[in-house]
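Colleague: To start, I am sharing the structure in question, which I have written as structure tokens.
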Amino acid sequence: MFEAPAVVAEQVVPDNANNALRIPEGGFALLSHIMQNTLTNGVTSLAFDPFEELLWSGNSSGRVVSYYSPQLERYTSFVSTSSVVRDILSTEAIVLSLTQERLRGFRRQGLPLFTHKSENMVDMTCIHRLSNAPHTVLLGGNQQKIIQLDLEMQKETRIVHLKQKDCLEFRSNQKFLFSSDSDGNITLRNLSTIDAIHAIQAHQGAVSDFDICGNRLITCGYSPRMGNLLADRFLMVYDLRTLRALPLVPLSIPPTFCRFLPSYSDSRIMVASQAGQLLIMDLNKPAGIPIQLDTNGLAVFSVSVSSSRQCIAFGDQAGFIHLFSDRMQPVFNESSWETEFPEQSIYGPSMEIDDTQTPYAAFLLPFTVDDTYLSDWPEELCQKAFRKPDPIPKQILDSIRMVQFVGYAPNPRAGTPLCKFNVKPYSDEVSSTVNDNHNGKPVHENSPPPIPKFYRRVHVQPSKYNNEEFDYVRYNHTEYIPVECYPSLPQANAVLLALFHITSVQNYFLKHMCATDYCLSCEIGFLYRMLIDRSPTQPASVTNFVRSLRSMSEYGHLFAANSANKFMQKTRAFIGALFQRLYEVPFDYFDKLIKQEINDVDTDFLKNHDVEFSMNNRCIRCSEQFQTQCSQLCIPLAYPTNGGDKIRFYQLMEKSLNCPGQSEAICQKCEKRARITSTRRVSKLSQLLLIDTSVVTDSEKNFWNVQLQAFERKPASKLNSSSSTSALERVAKVCRYGEECKKPFCKYSHNGDGKGEASDYEDVTNVPGAEDNTWMHYLPEEVHIKVSDGICSVSESMSEGSVSYSLRTAVFAIGEGGVDAEPTHLVTAIRPRTETCAALHLSPNTSGQKIFEDRGWIVFNDFVVTKVTENEALHIDANWKLPCLLCYVQTEMDRNTVPQARVQISPHQWDNNSLKDQILNGMDVERLPKKGDIVAIDAEFVTINQETLRTVARVSCVRDDSSCLLDAYIQPCCTDKVIDYLTAWSGIEAADLDPNVSTRNLTTLKDVYLKLLYLVQEGVIFVGHGLSNDFKALNIYVPPDQVRDTVHLFHLATQRMISLQFLAWHIFGESIQQTSHDSVEDARMALRLYKKFEELKADGSLDSVIAELYETGKRLNWKIGGISGVTSNTEETPAQAAL
1 MFEAPAVVAE QVVPDNANNA LRIPEGGFAL LSHIMQNTLT NGVTSLAFDP FEELLWSGNS
61 SGRVVSYYSP QLERYTSFVS TSSVVRDILS TEAIVLSLTQ ERLRGFRRQG LPLFTHKSEN
121 MVDMTCIHRL SNAPHTVLLG GNQQKIIQLD LEMQKETRIV HLKQKDCLEF RSNQKFLFSS
181 DSDGNITLRN LSTIDAIHAI QAHQGAVSDF DICGNRLITC GYSPRMGNLL ADRFLMVYDL
241 RTLRALPLVP LSIPPTFCRF LPSYSDSRIM VASQAGQLLI MDLNKPAGIP IQLDTNGLAV
301 FSVSVSSSRQ CIAFGDQAGF IHLFSDRMQP VFNESSWETE FPEQSIYGPS MEIDDTQTPY
361 AAFLLPFTVD DTYLSDWPEE LCQKAFRKPD PIPKQILDSI RMVQFVGYAP NPRAGTPLCK
421 FNVKPYSDEV SSTVNDNHNG KPVHENSPPP IPKFYRRVHV QPSKYNNEEF DYVRYNHTEY
481 IPVECYPSLP QANAVLLALF HITSVQNYFL KHMCATDYCL SCEIGFLYRM LIDRSPTQPA
541 SVTNFVRSLR SMSEYGHLFA ANSANKFMQK TRAFIGALFQ RLYEVPFDYF DKLIKQEIND
601 VDTDFLKNHD VEFSMNNRCI RCSEQFQTQC SQLCIPLAYP TNGGDKIRFY QLMEKSLNCP
661 GQSEAICQKC EKRARITSTR RVSKLSQLLL IDTSVVTDSE KNFWNVQLQA FERKPASKLN
721 SSSSTSALER VAKVCRYGEE CKKPFCKYSH NGDGKGEASD YEDVTNVPGA EDNTWMHYLP
781 EEVHIKVSDG ICSVSESMSE GSVSYSLRTA VFAIGEGGVD AEPTHLVTAI RPRTETCAAL
841 HLSPNTSGQK IFEDRGWIVF NDFVVTKVTE NEALHIDANW KLPCLLCYVQ TEMDRNTVPQ
901 ARVQISPHQW DNNSLKDQIL NGMDVERLPK KGDIVAIDAE FVTINQETLR TVARVSCVRD
961 DSSCLLDAYI QPCCTDKVID YLTAWSGIEA ADLDPNVSTR NLTTLKDVYL KLLYLVQEGV
1021 IFVGHGLSND FKALNIYVPP DQVRDTVHLF HLATQRMISL QFLAWHIFGE SIQQTSHDSV
1081 EDARMALRLY KKFEELKADG SLDSVIAELY ETGKRLNWKI GGISGVTSNT EETPAQAAL
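Residues in the sequence shown are numbered consecutively from 1, following the UniProt record's numbering.
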């Protein structure tokens, strides 16, 4: 195979032909070779698995084959695509294969996970994974684009356009990302932004290969000679510290591949030619005899070096893989994971046909995939029973000694063999109780029902953690943004989120703007702006809306801590209060200060969203008849008095629209309060039909129980939960604590985290002969309403003159304690519009009954967002899931695409700024900051109400010239009770926020909010320290490109954040925040730090200053002056000495 030099080692390696080959000292010898495929397909890509003892290969026909151990035992083989496999990359969980136009992910066992293809992938050649972003890969090729792909979300997160012609290969180290192109350039790029930093012209033609080790870069490539590109017979070497070329290394072969082999020397390299000549040499001693690979004169297509640097693999044009090693028993990785192999088949004993002695238990019963057997009873005929523990004896209860919340009692098993064991055997009494249950009722009626995890109450509270560090992506793998639950009014987020996904309602609130201090419509509009603008990585909040609602005395009962109202009573009260407020308050499009008119929108929320009725009234006292007109935004469901009768839901809707009513009012004739009976006729149907179905009384609960037993059905078979989870989640390592894990940052897989988890049941309507395995829903997905002489008729079938309504959103009450328990929380289910459903990646229903284009639904449970099927969304269960609010939208209107519209914030919001000398006029508007201007901002907080919620009490804004633009103290709402002014940290005292005695610029939160929203709208750049906390407390969203946070600018990865006080002392030698915080002072200091950051970045000393900053902080334990925390004016900091 090769000609050995005179000096050889004592090691001998047998090859496949059983010939004895000696390994040269410091060299490599052929260990084994194998043909990848029986067909003649060249091996176009090779990659050693960095986690397991596997070698991956891909050929020109699209087949991927892996080999285990240096003996190249075939492990897996599968077809990735029908085209050439151009590159392979192995991660912890998946194996990626790249072809010309697509990227595919597989498990190591060969099961396909996903396929990614986009218009940006035209001619791909290489794939690379960055160490600082484990779920992100970079794709490059013969195109002027680099694609950054998030493997977890399977989305392209960034497209980088290149100045170079293409990108052929990637390499990276701890500082830079390197890319090569066909013009001979090696480009150094930023690891985070992928932007080009510096380019090195290495060759006149294309770069065929390059590698990095430490501070050295080696390249090999081509140069034009006599009109052709020929390989350069030398290696280019560069010093990455100075970005200058070192003396080139001449070679006796034309190199096509070059790699570092840093085992015992960092300068040891491998060079190979396309003709199969291999050279192992040292950069400092460029000498050696090349080894000739036996390729039968064919070209070498691919090369890979193992992470242990003990093995080199070559793939040739004939389809052979050649494995070279420098030792007899090499390993691919220094510490590899254990490779998973299929379990051995277990065969039972043989048995004659007439054998009557061998028991059938000797034959093992295989487990099914879905844990069901043909002998199982149907699920609808079974009910889970839980063994109730025996009651604790009275003598033990009498002897219990309580320490905090733990009770201690003498061990009743003391002196028995079970004294050290916490066990309780089953008693005969319990067994007889279970067996003697003849009344047909459940054994334990209060046993918890089986509830899917994504419906259960969320117990993790993100507010206890840093907002930037909490992993919201773990609970939301969709493009939709949730609304975080408010503790004292958890109904608000579910109802407002349901209304947001109705386009006409959304546009109404986005176009609303008025000068009322506590306007619910304005606050809803601000919330909807955040839901549209912010990214799905963080939820929005209803904090400002709830505070505005709390400020209205008529709704104080919703927040009463000692209220006897149950959860559903509070839910019905909130729904009624919200729509009653929207009905009573007229829409005001004119700002009271500007009188600016908006002409392209409707002027009344009731115009398209209420149902108008003509009321025929009759006085019981005097029999006077008269007519009135009324309208309703939300129709309460008219529950029948006899809850035992079976009635379809559309019939109940018809009764609710036509039902008569009674009320007490002043009669116009007898002028006395009397009972008035009314019958109503529908004058006009609305585009939106809201139905309040909340369940409060026991009779209403019994109604749902009867109807669901008659009309609701679900299939018995269960769905394998892995079919709906993400590709990475299915193959990730499982957390040892499982569902009991309490770590919000846990990186391992949890069964039922809420992310990607879909239904517990599958749609089996297409199973032949499965008559009882079909879904039946009590809630109709579509209804048809026809009005004739004011009388509504509702049906499930279309008729002439009827109007079709489709269920668009719904709010459900979820209870976890059984049929008799009160619900604990609400969830929202929405059906996205047709044009957005293609991105949901849900398996379509292939049954012969009905196929919906927009079959996917989304369930919002606090900040947990889950994709589910339509059957799962519409399924309700009287034990744990009942509807509260149903939103039906006219089908024709729902199909029409309505453009999103929002009102622009006027600059005249700054008219009442006390820092200005006069009211803004047309000329003074130019004095406000414009796009790209710098505004430093800081906020101070106080703690309010029983939820100990931190709210903004002072906001200060400073211009680029350090002049004060805004310094406003925010007056708490009349119903807000300040628990703690946090004076030591905020500098705010009680008198500052008291409108009777305050000398400050006291204003409302909405006034400050609109001013800041105007700056965000204009594209102003905000500078500050810890801005995420300020913006979260303000409940405002600022795009990341408009934020310059000094806490991140002066920060090293994986290190602690540095306080503004320490930065000011270290950089400028100034002491701030000695007695209390001043937001104006803090904003100005943040502005100075940002300018200093730009200055240090420009002169190239930023890294050294930050490194010295952390070194000083660790030495002083992050205390100013070392011990006292205060430094004298004469003390010079290390940064000052350097600057």
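Positions of the beta carbon are idealized from the N, C-alpha and C atoms, including for glycine.
What did DSSP end up calling E1108 once you bin it into helix, strand or coil?
Modeller: In this structure, E1108 counts as helix in the three-state DSSP scheme.
Colleague: Determine whether the beta carbon atoms of P254 and R225 lie at a separation below 8 Å.
Modeller: Cβ distance not < 8 Å, so P254 and R225 don't count as in contact.
Colleague: What residue ranges within the segment 1032-1115 form continuous alpha helix (DSSP H) runs of no fewer than 4 residues, ordered along the chain?
Modeller: Qualifying alpha helix (DSSP H) stretches, in chain order: 1046-1049, 1060-1063, 1079-1099 and 1102-1115.
Colleague: At the level of alpha carbons, what is the spacing between L582 and S504?
Modeller: About 15 Å.
Colleague: Short of 7 Å in beta carbon distance, which residues of its chain neighbour N142, apart from the five on each side in sequence? Order them along the chain.
Modeller: Around N142: D123, T125 and D166.
Colleague: Would H777 be called buried (16 or more neighbouring beta carbons within 10 Å of its own) or exposed?
Modeller: By the neighbour-count rule (16 or more Cβ atoms within 10 Å), H777 is buried.
Colleague: So, helix, strand or coil for Y555, using DSSP?
Modeller: It is helical.
Colleague: For S263, I'd like the list of residues in its chain whose CB is within less than 7 Å of its CB, leaving aside the five on either flank, ordered along the chain.
Modeller: Cβ within range, chain order: R309.
Colleague: Beta-carbon within less than 6 Å of A199's beta-carbon, same chain only, minus the 5 sequence neighbours each way: which residues are those?
Modeller: Only N185 and T187 meet the Cβ criterion.
Colleague: From this set, A821, M893 and I905, which residue's C-alpha is nearest K881's C-alpha?
Modeller: Checked all of A821, M893 and I905; the closest Cα to K881 is A821.
Colleague: Just how far apart, CA to CA, sit A362 and A498?
Modeller: So the alpha carbons of these two residues sit roughly 57 Å apart.
Colleague: Can you list, in chain order, the residues of its chain with a C-beta nearer than 7 Å to that of S802? Leave out the 5 residues immediately preceding and following it.
Modeller: Contacts found: H784, I785 and K786.
Colleague: Here's the rule: buried if 16 or more other CB atoms are within 10 angstroms of the residue's CB, otherwise exposed. What is S57?
Modeller: When all chains shown are included, S57 counts as buried.
Colleague: Looking at the secondary structure, which residues open and close the alpha helix (DSSP H) in which W985 lies?
Modeller: First-last of the alpha helix (DSSP H) with W985: T983 to S986.
Colleague: Determine, using beta-carbon pairs with one atom in the segment 475-494 and one in the segment 529-536, whether at least three such pairs fall under 8 Å.
Modeller: Yes, the segment 475-494 is in contact with the segment 529-536.
Colleague: Could you give the uninterrupted runs of the beta strand (DSSP E) lying entirely in the segment 140-179, keeping only those of 3 residues or more?
Modeller: Counting only runs of 3 or more, we get 145-150, 155-161 and 169-172.
Colleague: Judging by CA-CA distance, which residue of C213, L217 and H203 is the nearest neighbour of L229?
Modeller: For L229, the nearest C-alpha among the options comes from H203.
Colleague: Could you check if T193 is buried or exposed, using at least 16 other CB atoms within 10 Å of its CB as the buried criterion?
Modeller: Under this definition T193 is an exposed residue.
Colleague: Considering just the uninterrupted stretch of the beta strand (DSSP E) at L397, what are its terminal residues?
Modeller: Not the beta strand (DSSP E): L397 falls in the alpha helix (DSSP H), residues K394 to D398.
Colleague: Determine whether the beta carbon atoms of I147 and M121 lie at a separation below 8 Å.
Modeller: Yes, Cβ-Cβ distance for I147 and M121 is below 8 Å.
Colleague: Determine, using beta-carbon pairs with one atom in the segment 538-553 and one in the segment 996-1004, whether at least three such pairs fall under 8 Å.
Modeller: The segment 538-553, when compared against the segment 996-1004, does not touch it at the 8 Å Cβ threshold.
Colleague: Between L520 and W910, what straight-line distance do the alpha-carbon atoms span, to the nearest angstrom?
Modeller: Each residue's Cα considered, the two are about 22 Å apart.
Colleague: What is the DSSP secondary structure of D894, reduced to helix, strand or coil?
Modeller: Reduced to three states, the DSSP call for D894 is helix.
Colleague: In three-state terms, what does DSSP make of V546?
Modeller: The answer is helix: DSSP assigns V546 an H, G or I state.
Colleague: For H609 and F454, I'd like the C-alpha separation in whole angstroms.
Modeller: Taking the straight line from one Cα to the other gives about 32 Å.
Colleague: For residue 1156, is the classification buried or exposed, using 16 other Cβ atoms within 10 angstroms of its Cβ as the cut-off for buried?
Modeller: The structure shown does not extend to residue 1156, since the chain is modelled only from 1 to 1139, so the question has no answer here.
Colleague: Using a Cβ-Cβ cut-off of 6 Å (strictly less than) and excluding sequence neighbours within five positions of A577, which residues of its own chain qualify?
Modeller: So the qualifying residues of the chain are Y555.
Colleague: Just list the residues that DSSP pairs T1004 with in beta bridges.
Modeller: Answer by DSSP bridge pairing: none, since T1004 is not bridged.
Colleague: Got a sec? Which residues, its chain only, sit under 8 Å from L149 by beta carbon, not counting five neighbours each side?
Modeller: Excluding sequence neighbours, L149 sits near L103, H116, T136, V137, L138, L139, K155, E156 and T157.
Colleague: From which residue to which residue does the alpha helix (DSSP H) around M776 run?
Modeller: No alpha helix (DSSP H) contains M776, which DSSP labels as neither H nor E.
Colleague: Let me make sure I understand the geometry here. Which of S223, N493, S678 and A665 has the alpha-carbon closest to that of F613?
Modeller: Comparing Cα positions, the closest option is S678.
Colleague: Quick one: measure Cβ to Cβ for I635 and V611, integer angstroms, because I've assumed they're closer than 8 Å.
Modeller: Yes, they are in contact, since the Cβ atoms of I635 and V611 sit about 7 Å apart, within 8 Å.
Colleague: Between the segment 959-967 and the segment 924-934, are three or more C-beta pairs nearer than 8 Å?
Modeller: Result yes; three or more Cβ-Cβ pairs closer than 8 Å.
Colleague: Relative to the alpha-carbon of L928, which residue among S963, T356 and R954 has its alpha-carbon at the smallest distance?
Modeller: Comparing Cα positions, the closest option is S963.
Colleague: Following the continuous alpha helix (DSSP H) through E870, name the residue where it begins and the one where it ends.
Modeller: E870 to L874 is the span of the alpha helix (DSSP H), which, as asked, contains E870.
Colleague: Please report the Cβ distance between L46 and A313, rounded to the nearest whole angstrom; I am assuming they are in contact, meaning their Cβ atoms lie under 8 Å.
Modeller: Rounded, the Cβ-Cβ distance is 5 Å, consistent with contact.
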